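Chain order of the listed sequences is A and B.
Okay, so the first sequence: first residue is 1 according to the numbering used here, each after it adds one.
Okay, so the second sequence: first residue is 289 according to the numbering used here, each after it adds one.
Glycine included, every Cβ here is placed at the ideal spot set by N, Cα and C.
As the structure is a computational prediction, the values presented were derived from the model and not from experiment.
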Amino acid sequence: MSARIFCSRDAAAHIATITINRPEARNAFTLDMVRRFCAALEDLESDDAIKVIVIRGEGRDLSAGLDVAEAASLYARGDAQGGKSARPSLRARLAAHHELWWGPQGLYHRLVHCRKITVVAAKGKCFGTGLNLCLYSDLVIAAEGASFSQPRWAHVGVDGDIAMLVAAVGLRRARELMFLSATWPAQAAWQYGLVDGVVPGRQLPRAVDGLARSCAMIMRDGIAAEKQVVLASLAKLQVELGFAAASVLGGWASNILHRPGEFNFLRELGDHGPGKAIRRSNAHFGRS
Amino acid sequence: MITTRTKDGIATITLSDCRLLTRSDVQEGRALADALQTAGDDDGVRAIVLLAQGRDFCPPVRPVRSQQASLPDIQSAYAGVTGVYQSLAYGRKVVVMGIQGRCTGAGSALALCADFVVMGSSARIQSPFSSVPEASFTLAALIMRLNRAKGWILSDEPMSALQAEAAGLANRVVPEGRLRREALGMARSAARMPLDGIAISRVMLETYLDSQGVGKEFDHAPFYRNALPQAGLPVEGRVSAKQSQPARGRK
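Take a look at the structure:
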């Protein structure tokens with residue numbers, strides 16, 4: 001099996017590329033892939049030859065999000081019973097959200113604090129983790145057919161940071177993802193400020209490469225200084241507080257009570273399997 | 289007068305005369321705040337639609353100072369934690385507002401606090417900052433971005449529905465005849481979420497708004513009120529009979 005996350009470097013161009021390589025599953029992240037992505041970021045951070053990191057997906061999509069088949073095992077590691085309990089403890093839930101996503105070792109925290117310039121090639125489905133990769137990177141070029149959504153929020157509520165989302169697209173647009181289960185096509189994402197440009201799909205690799213090479217012309221110290229300025233601005237926007245709130249509320253959101261008649265995705269997953277559960281979710285929430 | 293009708297988990301709150309809110313009528317303010325809180329506390333309600341009767345959501349009105357209402361009463365009814373604007377901005381349920389015709393004063397201040405805004409295609413929305421001390425500039429900047437919000441506050445020119453949509457102030461623009469249906473459709477969409485999920489999302493939103501200073505800005509409203517032109521206006525009853533006439537439907 002080829003690596004699900006692989007990293008290539010062009011030292012002469014000062015550009016590295018992290019590729020999400022699970023096209024048969026629309027590049028849905030497994031927990032192992034999240035950890036390997038974090039490891040790749042950490043490795044590249046220490047490589048002084050690299051100025052720019054390009055993030056791309058193999059196949060049609062950037063990423064359809066976290067693999068729903070792994071949702072049940074998401075909290076297993078933090079439980080004393082090793083995840084054998086029917087209901088994971090709250091501490092396990094809180095630990096998982098902190099360690100995987102929002103805490104200092106988590107994917108999104110690492111991405112926001114990355115000292116290199118990060119450029120995302122967004123295409124196909126950019127859902128959940130895919131959307132967050134766009135949000136927490138520096139620059140995003142989207143293919144015309146790309147779409148952006150947070151489907152999990154319709155199931156359990158907002159279990160992630162919204163400070164960066166509001167800063168990018170404005171409060172009213174952010175609420176469309178939070179409460180209306182909206183899916184934004186690339187053009188809307190560009191109008192709202194989530195992506196920096198939209199190009200025809202075939203031109204995406206060249207457009208991203210051109211942007212990465214342009215960024216790589218900046219002096220290393222200049223990049224470091226600019227990224228520090230960005231981080232200082234994000235601190236004023238209370239992004240750290242947003243990440244802390246995401247760790248806590250993410251844990252709570254995974255354990256909500258479903259009333260009769262409410263759509264329970266995890267139950268659907270258990271009863272019907274991933275494919276049918278997703279189709280039923282799309283039908284319930286009016287997603288195409 | 290404020291009326292509330294609940295059907296299929298959606299509470300529709302209708303204002304008969306939004307100008308009373310622009311004039312900081314205490315009774316009207318309390319009635320709207322009560323309606324919002326009652327719907328927010330009701331587990332049978334999953335989303336709220338806020339509408340106004342008539343051709344205009346909130347037409348312009350000459351501001352007057354109320355003869356009887358004390359500043360603490362006005363503060364309690366409008367800017368306080370249980371007042372109109374915080375009940376809307378920090379409410380427990382998703383609120384979709386449908387705007388037709390002219391929207392000024394309190395109507396525009398409400399639009400800043402609602403979760404979603406649908407505008408009729410010929411609707412126009414004017415900055416509320418010269419007439420409503422509780423209007424939140426922080427919310428305007430978070431919704432529209434800083435420069436657009438500054439442009440809006442400094443200009444008396446109403447924004448067209450399409451301009452409002454481009455600025456991020458309106459989520460959707462539809463023909464006037466479809467306004468109510470569209471607002472209800474958005475509310476139904478929000479109502480498909482689990483109630484606990486809505487609650488989690490509202491807590492996340494409240495945390496975020498507080499981190500940005502929205503709550504503090506409501507606390508400052510009494511100071512803004514003293515700085516507004518109304519402070520120097522004649523009290524109600526000393527203006528012409530037409531200007532001070534209570535609007536129709538007033539309790």
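In this structure, DSSP gives residue 344(B) a state outside helix and strand, which the three-state scheme calls coil. Residue contact with chain B for residue 242(A): present (Cβ-Cβ distance below 8 Å to some residue of chain B). In the DSSP assignment, residue 205(A) falls within the unbroken alpha helix (DSSP H) covering 204–216. Look at the region 431–448 of chain B: the residues with a C-beta under 8 Å from a C-beta of chain A are 431, 432 and 433.
DSSP places residue 370(B) in no beta strand (DSSP E); its state is neither H nor E. Between residue 294(B) and chain A, the shortest Cβ-Cβ separation is not below 8 Å.
Put simply, the backbone Cα of residue 149(A) is about 42 Å away from that of residue 314(B).
Within chain A, the residues 156, 157, 158, 159, 249, 252, 253 and 256 have their CB atoms less than 8 Å from the CB of residue 488(B), given in chain order. Taking the Cα of residue 268(A) as reference, the smallest distance to any Cα among 68(A), 221(A) and 203(A) is reached at 68(A).
In the same chain as residue 392(B), and ignoring 5 residues on each side of it, the C-beta atoms closer than 6 Å to its own belong to 346, 348 and 414, in chain order.
Cβ neighbours of residue 428(B) within its own chain (closer than 6 Å, five residues either side excluded): 400 and 437. If you draw a straight line from the Cα of residue 22(A) to the Cα of residue 4(A), it comes to about 6 Å. Annotation: Cβ neighbours of residue 403(B) in chain A (cutoff 7 Å, chain order): 175 and 179.
Three or more pairs of CB atoms, one per stretch, sit closer than 8 Å, so the region 128–140 of chain A contacts the region 45–65 of chain A. The beta carbon of residue 103(A) sits closer than 7 Å to the beta carbons of 109 and 247 from its chain, once the five residues preceding and following it are set aside; these are given in chain order. Using a 10 angstroms sphere on the CB of residue 442(B), the tally of other CB atoms stays under 16, which defines it as exposed.
In terms of beta-carbon proximity, residue 230(A) stays away from the interface with chain B, with every pair separated by 8 Å or more. Per DSSP, the unbroken beta strand (DSSP E) holding residue 127(A) starts and ends at 125–127. In this structure, the alpha-carbon of residue 386(B) lies about 23 Å from that of residue 331(B).
Between residue 11(A) and residue 274(A), the alpha-carbon positions lie close to 41 Å from each other.
The CB of residue 284(A) comes closer than 8 Å to the CB of 480 in chain B, given here in chain order. Taking a cut-off of 8 Å for Cβ pairs, the region 137–148 of chain A and the region 184–191 of chain A touch, as three or more such pairs fall below it. The alpha-carbon separation between residue 105(A) and residue 241(A) amounts to approximately 16 Å.
Look at residue 491(B) here: in three-state DSSP terms it is helix.
For residue 371(B), the CB contacts under 7 Å within the same chain, skipping 5 residues up- and downstream, are 317, 321, 364 and 365 in chain order.
Between residue 388(B) and the set 512(B), 376(B), 323(B) and 405(B), the nearest pair of CA atoms involves 405(B).
Here residue 485(B) is buried, its C-beta having at least 16 other C-beta atoms within 10 Å. Of the other Cβ atoms in all chains shown, 16 or more fall within 10 Å of the Cβ of residue 204(A); this residue is therefore buried.
Counted as a single uninterrupted DSSP element, the beta strand (DSSP E) harbouring residue 184(A) occupies residues 183–185. For residue 434(B), there is no enclosing beta strand (DSSP E); the enclosing alpha helix (DSSP H) covers residues 434–442. For residue 138(A), same chain residues with a beta-carbon under 6 Å away, outside a window of 5 residues either side, are 117 and 118 in chain order.
Residue state for residue 499(B) is assigned as helix, using DSSP reduced to three classes. Residue-level contact by beta carbon holds for residue 491(B) and chain A, with a gap shorter than 8 Å.
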